[in-house]
Structure formats: structure tokens, C-alpha cells
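If you want this note's numbering, it's the position in the sequence shown, counting the first as 1, plus 1106. Note that beta-carbon positions come from the ideal geometry of N, C-alpha and C, so glycine has one too.
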Amino acid sequence: MRGFLVRTNFVPGVRHVIGWRGLAELHTSVEGWTARIKGPAGVFGMYFSGTGKATKWINGSFTVCYFPDPQEELVEQCSLQAGAYTQRQDYLSHIRDFLKYPHLCELFNIGVIHLGINMADHATDALILGLESISHQRLIAQNGVSLHRKNRVVELIKPGGYDQNFPSYDIALAFFQVLAASFTFNLEAPPAYLRHFRRPGKEIVYDATGRHWDIPSGDSQEKSVYLGYGDAEWKTILENRENKAGSFNYDVAWEKGIPDIPEFKDSLWWTAHQISDFKTLDKNALGIDDRPQLIVLTGFLGSGKTSFLQHFIEYQVQLNRFVAIIQNEIGEIGLDGKLLDHDYAVTEIDEGCLCCTLVGNLKKAIHQILSRFQPDVIVLETTGLANPYNLLDEISEVEELVRFDSITTLVDGLNVCESIESFEVAKDQIKAADILLLNKKDLLTEIQLDNSYQTLNALNPAAPILTVCKGDINPALLYGVDPLDEPAAPIRKEFQATAYPIHYSHEHNMLSSHKFSFSTPLDKASFVEAMKTIPRGVFRVKGVVDFTDTDKSQLFQYVGGRYEFSEFNNPNMSDRFLVLIGQNISKGPELSDWPKGFIRTAPSPALSN
């Protein structure tokens, strides 16, 4: 299971087409993962729950949970206990390590995935992947549930009403579809066999004493779907499954040569093997730009670049994202590559400083990496004495290979004034930055912090200045605007007054985001002109827009004063919008007034947060 998950998620274009939107492995005594997929707003959890043996086979079971987004409407269909948990301040942090909280697994369990492997001697390859779940998990409160509040009784559930009515099978099937497509992609063949079972389900009733019992359900059903890959040996285990099923009935019994199954005819598990060579994908038509991001990481000696890089890599590894590092050092041996304790590709450029004496080697290094790997991100870490201005010409020459994201400069808060007074290159590293990270804030007094901030702002008033300790900041806040993500779900009114506040690590930097939605095409000339007057504090903009002079939608990206357009033809993305990230951008009149500058020949857009 681990192999199928990791191999699929290490190929960015395929990962996106199949439907993965994030995967993290949990490091506990039990094998487990958290995952996001296209569509559902919440997080899936899956963990290994045991093995079993049948004739010639070994079978593994994996329990699947779904943790809904606190603002998701599905919360209303959870039990009262589960719904209350979603509003806890520590809910999201608990999800990240859900295996440490067995109660959490019980509350949000939605089904079981089975993986069977043919282990017989001299057997040909065969594999089975299956899902078992129930159409609706139902919990009935026989005596109802009431709450005493302000000297009155508030009825939360009427006697005999549903405490829980969760559509488990449909949610679990969405995850299974993505997982099965990943198996098809890696096996380079579609399923050769499918079985779909169903039988009447049960509902759980409980009373005021805590007693609970099962009753037959009128319409809820237990459902199973099994896919067989490879040789017909998998029939053995499925036939055993059928014999033990008893009251199970077939919805579908399919194998090669039988016409398509209407219910599953559009499932990607039938066709994912056709995208096994990701380089042949028409990514432009899918709205995908799979060039890896190029981030230039610079900063004077001792500023904390290695610490920042450690945190950056750890974050990406948790999401099963692949990072390639290009390091350049003055001298014959690059030391930082020896200090970073991770398994990733490091191309060190030695025998001098890349941006001073090794002109042309950046393109060569990137070619070497891309010939062997498909990284999500390439970080070029310059030596502490490098001048990033000397890199700009080389960066322009590799645009067909990478997407230049930004120059991120680490600044030593303890020595910033001394450095810029003594070394012109330290000053240029600050001036060239798109993002400034003022490091070691924990070692600075309020007066020192303010003086350092003013010094940086005077040298580079356009770049945001974010204060950090030991180079630690969530990379998603700096580099993570993704227009292909689903729009955030609206906050439900009943939770607005009672939900716990959630504190994010970026609040001390006053980072925020703002979204503009557009219902009509824009005037491109006015749009480009308005980009020159984008409000101060905004350092990233990304989104999908339509213009009046063309029928083709455009993917727009902006960082540090630079912007680019690329054609966007994804039919599954109908929303047209811009997402802005910056400091204090949700406050003040300038942001609300800003869009008016590029709406001239086109109607005014709808504005939403």
C-alpha cells in the first residue's frame, strides 16, 4: 500500500490528474496516512488494521476515516459528539496525528479497504482491491437529546430522531476511486474483474441509560466493491468472499468481455494506466503546469538558510512532495549538503560561486535533475557571499524548465546592521528579495526588532518582512497559492458564534488572504495596468480569469512585482477569481477600491472574501 501511494504522489502531473491533493505518512507504531483528494473539503485518514490469509493469498485490511472540515455541511450529519469535536480548537492538530486519538478514529470511521496479494508459489501476478462500507451510518436517540441552557430545555434531537445519518459509502467511494486509479496507474493495466455486493444494513439505537442495540434498516445498505487485477487467480478469493456473504446480493458481476457498467463507467480506474507516461500528458488542456517551482534561497553568512531549508524539506516530505536542492559553495567542497540529513537529490556546484564564476551551470544542473527526477520544487541555495542579482540572467534562460517563484532572503536579526554596513553584497541580498525573513526574533528585544524591521523596509519597501525563529515558517504561507483547489466552504451560521477560535502560526506576521471572484470577463489592458498599482503588502496573486479579447481562460501568477499569463483550459474549473496573500491586506480601503482600476470596458466583478 505504501508503495502505490508514494509512487503515484511523486509524479506531480499524474498525482493531480488522478485526484490527490496531499498525502502525509504518520510516524507511529501503526502504519497510517492522512490525505486530501479533489472534491471533499475534509481530510481522509487510513491506517493498517490487520492481515488475514486465504488459500494462496495474504490479505491486508485498512480502516478509513473521514474528518470533515469544521465548516462543511457534512458536519450536520455526524453524531452530536463528532460534530462537537470538529469545533474544538485542537481538532485540526488532532487530525494530523489521528492515530494517537483512538476515540477520534471511532467517531469518524467510514469503512474498510482490503488489499489482497497472490502469494502462491510460481503464481502469476494477481491483486485484489476492495471497499466495504454502509450507505448511511445511522444512530437513533430513542429518548431524544436535550440540553439545559439559561433555565430552559433546548431539544437537540427529538425522541426517535437521528443523532447521526452519515453517507459513509459515498464518501469512502470517492477516496477508493482515487486509490484504485493509483493502482491502475502503477500496474499499467485496468481491473480485469469487478464485483459489487449489497445487503440490508442496520441502525444503532441508544436510550437514556446508555444501552444500545441494532435494528434492521429500512433503506440503508451495506455495500462492497472489489476490483481484481492481473491473472484470474483472484477469482479464488472473491469466490470465497461470495460464499461467505450469505445474504449479500449482487449489484454487479463484471469481467473482461462484458459491456461497461453504468454506475462505474466514468471511474478513472479503467483508464489511469493510459497516463503512465506523465510526459505525454496534455497538461495545458488539463490546466496543469508541471514545471517545478524554482525558489532562490539567499542570505548572508549565518543568517539561518540551512535551518530554513531543514524545515522547508520536512514540510514537503510530510506531503510526499519531492524537493531537489542545488547548492553552491565557495571552495572545493559544499558543506551544507552534508549537514542536511534527508534523502533527496542534491546537486552541488563546487569549485567556485555559481552566480559569479560558473555561468551556465544553473541550466546544466536543472537538466541533470529533471533527467532523473520529477521534483515538485527546486531550491537554489546560494552561498552566503553570493549576489542574487547576478542570477537573474540565468534564471530567464531556464523558464522553459522551471517556474521561477521568488527570491527568499534570510536575514540575521542580530547582525543585520553590521552586515549591510560592512558588506555591499549583504545589502544587495536584501534589495533583491521578493520575500524577507527576519530570523532570530526570539533573541531580539522589541527595540532591536523594530530597528531591524525599519532597516529592511528602507532597503526594500516592496518585499514583505516576516519575523521567524530558527528559520521556521509554514512554507504554504509563502509559496502555496493553488487556484485548482476547491473554494473554501462557507461558514455555517450556527457555528459562527460558538466555534473555538483557531490560531495559526502566521498571525504574528499578520499574514492574510483575500479572494476576488469575477462573474464576467475583464479588460486585459486595464488589468495589466492595475497590476502596477497592486496594494502594498500583497506579495502573491494567483487565479483564473477571463478577458474580453479572447475566448481562452488565463492562469495568472504574480510574485514580487513579476507576473505571467498562461492558457488555462480545464473544463472542471468554472470559478473565475484571484487569490491575494500579503500582510494586513484584509484591512483598509485600498484593497476594496483596487479592482475598480481594471474594470473599464467590462462589468464590475462580484467581490467576496
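query                                                                                                          : result
Inter-residue Cα distance where the pair is ASP1534 and LEU1491                                                : 10 Å
SER1330: first and last residue of the uninterrupted beta strand (DSSP E) it sits in                           : 1318-1336
Residue of GLU1261, LYS1264, THR1140 minimising C-alpha distance to LYS1206                                    : THR1140
Selection from PHE1406, LEU1468, ASN1496, ARG1127 that minimises the alpha carbon distance to VAL1284          : ARG1127
Whole runs of the alpha helix (DSSP H) within the segment 1505-1540, excluding any shorter than 4 residues     : 1522-1528, 1530-1537
Cβ neighbour criterion (16 or more within 10 Å) applied to LEU1549                                             : exposed
Touching by the beta-carbon criterion (3+ pairs, under 8 Å), the segment 1371-1381 and the segment 1467-1485   : no
LYS1054 (DSSP reduced to helix, strand or coil)                                                                : Because the chain spans 1107 through 1715 in this model, residue 1054 falls outside it and cannot be assessed.
C-alpha distance - THR1515 paired with PRO1570, whole-angstrom precision                                       : 11 Å
LEU1415 to ASP1540 span [Cα, whole Å]                                                                          : 17 Å
Reference ASP1657; option with closest CA among GLN1327, GLU1673, GLU1506                                      : GLU1673
Within-9 Å CB hit, THR1412 to chain B                                                                          : Annotation note: the requested chain B is absent from the structure, which comprises a single protein chain.
Extent of the continuous alpha helix (DSSP H) to which ILE1501 belongs                                         : 1498-1502
Of the residues TYR1299, LYS1546, ASP1320, the one placed nearest GLY1334, counting alpha carbons only         : TYR1299
GLN1177 - containing alpha helix (DSSP H), residue span                                                        : It is not in any alpha helix (DSSP H) - GLN1177 carries neither H nor E in the DSSP assignment.
Where VAL1208 falls: helix, strand or coil (DSSP)                                                              : The sequence as given places Pro at residue 1208; Val does not occur at that position. Correct three-state label for PRO1208: helix.
Residue closest to SER1239, alpha-carbon to alpha-carbon, out of MET1225, VAL1508, GLY1217, GLN1248            : GLY1217
Buried or exposed (CB count within 10 angstroms, at least 16 for buried), HIS1209                              : exposed
Best match in ALA1232, ARG1427, HIS1417 for proximity to ASP1396 [C-alpha to C-alpha]                          : ARG1427
Pair within 9 Å by beta-carbon distance, VAL1508 and GLN1399                                                   : yes
Distance CB(THR1169)-CB(SER1185) smaller than 9 Å                                                              : no
Candidates SER1477, LEU1684, ASP1655, THR1489, of which the one nearest SER1623 by Cα                          : LEU1684
Which of helix, strand or coil DSSP assigns to SER1084                                                         : As shown, the chain starts at 1107 and ends at 1715. That puts residue 1084 outside it, with no answer to give.
Under the three-state DSSP convention, the category PRO1627 falls into                                         : coil
Three-state secondary structure assigned by DSSP to LYS1469                                                    : helix
Through-space distance from ASP1231 to ILE1501, alpha-carbon basis                                             : 47 Å
Residue environment, ALA1582, which counts as buried when at least 16 other CB atoms sit within 10 Å           : exposed
Pairwise C-alpha distance: ASN1467 and GLY1151                                                                 : 43 Å
Residue interval of the alpha helix (DSSP H) (run including ILE1051)                                           : Given that the chain is displayed from residue 1107 to residue 1715, the structure contains no residue 1051 and the question cannot be resolved.
Completely contained alpha helix (DSSP H) runs for the segment 1141-1201, where each covers 4 or more residues : 1186-1192
Same chain, Cβ closer than 6 Å to PHE1384, five either side skipped, listed in chain order                     : Confidence in PHE1384 is poor, its pLDDT being 48 and thus under 50, which makes the residue's placement too unreliable to answer from.
Touching by the beta-carbon criterion (3+ pairs, under 8 Å), the segment 1399-1411 and the segment 1518-1528   : yes
Range covered by the beta strand (DSSP E) that runs through SER1672                                            : 1668-1674
Nearest residue (CA-CA) to ALA1564, options GLY1577, VAL1260, CYS1523                                          : CYS1523
Rounded straight-line distance, which links the Cα of CYS1211 to that of GLU1137                               : 14 Å
Pairwise C-alpha distance: ARG1255 and VAL1634                                                                 : 56 Å
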